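One structure is given below, encoded as structure tokens.
Numbering (this note's numbering), first residue to last: 9 to 107.
Listed below in structure tokens is the structure:
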């Protein structure tokens with residue numbers, strides 16, 4: 009490819025359809041489309057539709073991330089507790105040896 013062709017092939021110079029397609033692929037590959045689809049299906053399956061659909065989507069979309077973050081946070085806390093218990097045990101042994 010010539011240097012002039014490379015300059016013309018920058019994201020700013022691509023046709024709008026190409027930019028949209030790249031963005032769509034990005035959303036698909038990053039899992040955004042699946043996450044949005046899941047939340048929209050939850051809204052569809054609601055027997056009584058909420059009066060504020062945007063708020064419903066915000067709460068349920070954020071809920072997926074929050075649950076994952078809570079799970080990771082709890083796992084980290086459990087590991088930290090085990091580490092601290094082990095350290096406390098070692099300190100008790102050292103203390104008893106020092107007496």
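All C-beta atoms in this analysis are idealised placements derived from N, C-alpha and C, irrespective of residue type, glycine included.
Given the structure is predicted, the values throughout are model-derived calculations rather than measurements.
Quick one: what's got a C-beta closer than 6 Å to residue i's C-beta in the same chain, skipping five residues either side?
| i | result |
| --- | --- |
| residue 51 | 64 |
| residue 41 | 35 |
Residue range of the alpha helix (DSSP H) that residue i falls in?
| i | result |
| --- | --- |
| residue 53 | 40-53 |
| residue 26 | 24-37 |
Measure the beta-carbon distance from residue i to residue j and round it to whole angstroms, keeping in mind my assumption that it falls under 8 Å.
| i | j | result |
| --- | --- | --- |
| residue 47 | residue 69 | 5 Å |
Excluding the five sequence neighbours on either side, which residues of its own chain have a C-beta within less than 7 Å of the C-beta of residue i, listed in chain order?
| i | result |
| --- | --- |
| residue 104 | none |
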